[in-house]
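So the sequences go chain by chain: X and W.
Note that the first sequence ends on residue 335 in the working numbering; no numbers are left out.
Note that the second sequence ends on residue 1301 in the working numbering; no numbers are left out.
Glycine included, each C-beta is placed from N, C-alpha and C at the ideal position.
Keep in mind the model is a prediction, meaning the values are calculated, not measured.
Structure, as structure tokens:
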Amino acid sequence: MSAVTGVDPAGPVGSAGSPRSLEHKRPLGDRGFAILALSAGLLVLVILVLIAVTTSQQAASWFSAEGFKIFTNNWNPTPNNAGQYTQLGALAFIYGTAITAVIALIMAVPVSLGIALLLTEVVPRRWARPIVYVVDLLAVVPSVVWGLWGILVFAPWLQHIYTDIAGGVDGVPVLGPLFGQPVSGASFFTAGIILAFMITPIVTSLSREVIATVPAIDKEGAYALGATRWEMIRGAVWPHSQGGVVGAVLLGLGRAMGETIAVALVIGSSPEITSHLFATGYSLPSVIANQFGESSGEFRAALLGMGVILFAFTIIINVLARGAVERNARRKRGA
Amino acid sequence: MTAATAGPQQVDLREPAGWRRNKNRIMTGLMVLSIILVVIPLGFVLVTVIAKGASSISWSFLTGGPIPSIVAPAGVGGIGPAVLGTIEITALATAIAVPLGILAAVYLNEYGGKSWLAAIIGFMSDVMTGVPSIIMGLFIFSIWVVHRGLAGLSGFAGALALACLMLPIVIRSSYEVLRLVPNALREGSYALGASKARVTVTVVLPAAVSGIVSGSLLAVARAAGETAPLLFCIGAATAANPNVFSGADTALPLQIFANANQPYPGAQDRGWGAALTLIAICFILMIVARLITARFTRYSR
């Protein structure tokens, strides 16, 4: 702590009174290095602030022209006769972002927790390492490769399944509106599945860290009472790691919302709000990626503004998530 | 079912032991199933990329140019400009992000300690790892490219965007390694009269170097595969551009993206070929990082 309070005021003094610091055999380089390290640390905060400020500036015309109409389902980025854009509501993209992220979480969270529990509680340590490598490989496959595979291989295959399911649930009350009317293999659901593959590694590794902090004494206590392994997990591991797992899930949500290229390729690119999960849709990052190149004027401002909205969402979610994970870690230290 | 899920409080002999045992087995089975659910798509992706990409890989494909138009049949031209662009841009991003990231980690661990400022910086750098990569692209577009017009589109702008993406990853991984450096090393050098900067540079960092290198390589692997930050920053070149600081450039992920949604078989072939090249680059980086880590941990034990 003293190091920091020492660095700040000493900044100007160090440069002005360098002869004195030489007397103390405290070379200028020492102060300089401390300041250098501090500024590298501050750079993180500066970048985050600059992201918010500069993108908002570029998007200002959209925010001011549309006001709260940015949250309407009204997207038609073609100028009217007067050369003005009047239909730039982003609700369909926000909806698509939310729905694909939720689909991804529903699929990825149970699988990730299963792997995390398997790694921490079931398999011996020497088996755990190769499994971790395999799961991490999922994260190394670049987003665009998931997208390429998704659109050229996975989506055509899914299309048959979608058609079969849609035929089966036609007219059924809740299932019909959810799983009916597939248009093509590209859809909210396809994007959700691809996202699930992509966020599984991060949710797994964070849940694993959290679950690994459960005190051995709690687990041994449960076993001593005659619990089976699953009962031990429910009774000792779960209550202890609940909060941290929620954080891991939120981080996965943040990743899923911000994932761009894979989604841009497989979501089908049509700004619609529909309950049909097998229908084509759009999401915030993918519309930015697909249309930014051809945009100009207020259309471009709208896309940048959607970036600002996405940035705000992900920052909030990540702050909540990291907070939850850190609280969990602190409680471990306290215990 | 309900009786058993009521929890371990009422573990008693009235419950059929067989059901409790079976339930445990079912749950363990589900955990194993979740591994399989992960391995299957991963295997599918890798096999498909290798099967479809291998046929287009050749020396002239990897190094030749210019990049042909999307309607061109397979075998024309090559993705050499994209390979060069990826290497240039990622290298420049690494040169920017890794030193800054290590310095920030040094601040967090060696100088910041438990101060509130270090806590905030550490927390926000974790939060920054969750900022979507496309936001980094929009950021560099808004702060750099837009003020320079077409001249702003260059490999350098793309490298800035990738550097923003890498920075928090490098900070986090370097910080974790620095924390593991034993205090006795620092105290020993202080006792010899070394200044703090000197201790950090000549004792602490060398002790942590393998971990820092492997963490940085993972960040490089992540950055090399990113498309979104480059979309608005580097323009679209079809010929090799050896000057990373001026003129439009291109990169492997952008080529895959451009070819992925095309109905032309030539374009799709090039897409798969580029995908195989990109995956190979990312995997090699990751394997090297793992080897370094494995060596490091054995050494420190």
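Any chain X beta carbon closer than 8 Å to L1217 (chain W): By 1-based counting over the second sequence, the position of residue 1217 (chain W) is 217. No - not a single Cβ of chain X is within 8 Å of the one on L1217 (chain W).
Hey, could you find the ends of the alpha helix (DSSP H) K219 (chain X) is sitting in? For the purposes of this step, residue 219 (chain X) is taken as residue 219 along the first sequence, with counting starting at 1. Counting along the chain, the alpha helix (DSSP H) containing K219 (chain X) begins and ends at A216 to A224.
Between X:W149, X:A34 and X:G243, which has its C-alpha nearest Q1262 (chain W)'s C-alpha? Start at 1 with the first residue of the second sequence, and residue 1262 (chain W) comes out as number 262. Q1262 (chain W) has its Cα closest to that of X:W149, out of X:W149, X:A34 and X:G243.
Those runs of the alpha helix (DSSP H) which lie wholly inside the segment 74-114 of chain X and span at least 4 residues: none
Check each candidate in X:S275, X:I35 and X:S295 and name the one with the smallest Cα separation from Y85 (chain X). For this step, residue 85 (chain X) is matched to residue 85 along the first sequence. The shortest Cα separation from Y85 (chain X) among X:S275, X:I35 and X:S295 belongs to X:S295.
Ends of the alpha helix (DSSP H) at S61 (chain X)? The sequence position of residue 61 (chain X) within the first sequence is 61, counting from 1. L28 to E66 is the span of the alpha helix (DSSP H), which, as asked, contains S61 (chain X).
Neighbourhood of Y1264 (chain W) by C-beta distance below 7 Å, restricted to the same chain and skipping five residues each side: Counting from one through the second sequence, the residue named residue 1264 (chain W) turns up at place 264. The residues are I1070 and V1071.
By Cβ distance, which residues of its chain are closer than 8 Å to L1160 (chain W), with the 5 residues on each side in sequence left out? Numbered from 1 along the second sequence, position 160 holds the residue referred to as residue 1160 (chain W). So the list reads A1093, I1096, I1140, W1144 and C1233, once near-sequence residues are dropped.
From the beta carbon of A142 (chain X), is the nearest beta carbon of chain W less than 8 Å away? Translated into the one-based positions of the first sequence, residue 142 (chain X) becomes position 142. It should be noted that the sequence gives Pro, not Ala, for residue 142 (chain X). Yes - at least one Cβ of chain W is within 8 Å of the one on P142 (chain X).
When the Cα atoms are used, what is the spatial distance from T163 (chain X) to T190 (chain X)? If you number the first sequence from 1, residue 163 (chain X) lands on position 163. If you number the first sequence from 1, residue 190 (chain X) lands on position 190. When rounded, the distance between both Cα atoms is 13 Å.
In angstroms, rounded to a whole number, what distance separates the CA positions of A37 (chain X) and Y1107 (chain W)? Translated into positions along the first sequence, residue 37 (chain X) becomes position 37. Translated into positions along the second sequence, residue 1107 (chain W) becomes position 107. Whole-angstrom Cα-Cα distance: 5 Å.
Contact set for I51 (chain X): own chain, Cβ-Cβ below 8 Å, skip 5 residues either direction: Taking the first residue of the first sequence as position 1, residue 51 (chain X) is located at position 51. Cβ within range, chain order: F311.
How far does the alpha helix (DSSP H) with P1081 (chain W) in it extend, from its first residue to its last? In the second sequence, residue 1081 (chain W) corresponds to position 81, counting from 1. Segment G1080 to V1106, the alpha helix (DSSP H) holding P1081 (chain W).
Distance between A1294 (chain W) and S1210 (chain W) (C-alpha atoms, nearest Å): As a position in the second sequence, residue 1210 (chain W) is number 210, starting the count at 1. As a position in the second sequence, residue 1294 (chain W) is number 294, starting the count at 1. The alpha-carbon atoms of S1210 (chain W) and A1294 (chain W) are separated by roughly 10 Å.
Tell me whether the segment 173-184 of chain X and the segment 240-255 of chain X touch, counting them as touching only if at least three CB pairs, one residue from each stretch, are closer than 8 Å. no
I believe S1133 (chain W) touches L1180 (chain W) by the beta-carbon criterion, under 8 Å. Please report the beta-carbon distance rounded to the nearest angstrom. By one-based count along the second sequence, residue 1133 (chain W) stands at place 133. By one-based count along the second sequence, residue 1180 (chain W) stands at place 180. Their Cβ separation, rounded to whole angstroms, is 29 Å, which puts S1133 (chain W) and L1180 (chain W) out of contact at 8 Å.
Closer than 8 Å by C-beta to V174 (chain X): which residues in its own chain qualify, once you throw out the five before and the five after it? Chain order, please. Numbered from its first residue, the first sequence carries residue 174 (chain X) at position 174. Around V174 (chain X): no qualifying Cβ.
Of the residues that make up the segment 58-72 of chain X, which ones have a beta carbon closer than 9 Å to any beta carbon in chain W? Q58 and A59
Which chain X residues sit within Cβ distance under 7 Å of T1227 (chain W)? Translated into positions along the second sequence, residue 1227 (chain W) becomes position 227. Per Cβ cutoff of 7 Å: S143, V144 and I261.
So, is the C-beta of S1133 (chain W) closer than 8 Å to a C-beta in chain X? In the second sequence, counting from the first residue as 1, residue 1133 (chain W) sits at position 133. Answer yes: the Cβ-Cβ gap between S1133 (chain W) and chain X drops below 8 Å somewhere.
Could you check which residue in W:M1128, W:A1119 and W:L1138 has the C-alpha nearest to that of V44 (chain X)? For this step, residue 44 (chain X) is matched to residue 44 along the first sequence. Among W:M1128, W:A1119 and W:L1138, the Cα nearest to that of V44 (chain X) is on W:M1128.
For A1289 (chain W), three-class secondary structure by DSSP: Start at 1 with the first residue of the second sequence, and residue 1289 (chain W) comes out as number 289. Reduced to three states, the DSSP call for A1289 (chain W) is helix.
Starting from the beta carbon of F188 (chain X), find every residue of chain W whose beta carbon is closer than 7 Å, and list them in chain order. In the first sequence, counting from the first residue as 1, residue 188 (chain X) sits at position 188. None at all; the shortest Cβ gap to chain W is about 18 Å.
Taking only beta-carbon positions, decide if F1257 (chain W) is within less than 8 Å of chain X. Indexing the second sequence from 1 puts residue 1257 (chain W) at position 257. Answer yes: the Cβ-Cβ gap between F1257 (chain W) and chain X drops below 8 Å somewhere.
Between the CA atoms of A155 (chain X) and T280 (chain X) - distance to the nearest angstrom: Here residue 280 (chain X) is taken as the residue at index 280 of the first sequence, counted from 1. Here residue 155 (chain X) is taken as the residue at index 155 of the first sequence, counted from 1. About 12 Å.
Which ranges does the alpha helix (DSSP H) cover as unbroken runs of at least 4 residues, wholly within the segment 1099-1169 of chain W, from first to last along the chain? 1116-1129 and 1133-1140
Using C-beta distances below 6 Å, list every residue in its chain close to L1231 (chain W), excluding the 5 sequence neighbours before and after it, in chain order. Here residue 1231 (chain W) corresponds to residue number 231 of the second sequence, with the count starting at 1. Here the set comprises G1137.
Helix, strand or coil: which one does DSSP assign to S1034 (chain W)? Along the second sequence, one-based indexing puts residue 1034 (chain W) at 34. Three-state result, S1034 (chain W): helix.
Span separating the alpha-carbon of L22 (chain X) from that of G32 (chain X): Residue mapping note: residue 22 (chain X) aligns to position 22 of the first sequence, counting from 1. Residue mapping note: residue 32 (chain X) aligns to position 32 of the first sequence, counting from 1. Low local confidence applies: a pLDDT of 45 at L22 (chain X) is under 50, so the model's placement there is unreliable, with the coordinate-based value given in what follows. Their Cα atoms are separated by approximately 13 Å.
Are any of the Cβ atoms in chain X nearer than 8 Å to that of C1282 (chain W)? Locating residue 1282 (chain W) in the second sequence gives position 282, counting from the first residue. Yes, because at least one Cβ of chain X sits closer than 8 Å to the Cβ of C1282 (chain W).
By DSSP, does N1241 (chain W) sit in helix, in strand, or in coil? Within the second sequence, residue 1241 (chain W) is the residue found at index 241, counting from 1. Coil, per DSSP.
If we call anything under 8 Å between Cβ atoms a contact, is A1105 (chain W) one with L1178 (chain W)? Working through the second sequence from its first residue, we reach residue 1105 (chain W) at position 105. Working through the second sequence from its first residue, we reach residue 1178 (chain W) at position 178. Yes, these two residues count as a Cβ contact at 8 Å.
Same chain only: Cβ atoms within 7 Å of T204 (chain X), ignoring 5 sequence neighbours per side: As a position in the first sequence, residue 204 (chain X) is number 204, starting the count at 1. Once the five neighbours on either side are set aside, the close Cβ partners of T204 (chain X) are S112, I115, A116 and V135.
Any idea if S143 (chain X) is buried or exposed, counting beta-carbon neighbours within 10 angstroms, 16 or more meaning buried? As a first step, residue 143 (chain X) is located in the first sequence; it is residue number 143 there, counting from the start. S143 (chain X) comes out buried.
Run of the alpha helix (DSSP H) containing R1198 (chain W), from where it starts to where it stops: For this step, residue 1198 (chain W) is matched to residue 198 along the second sequence. Per DSSP, R1198 (chain W) belongs to the alpha helix (DSSP H) from K1196 to V1199.
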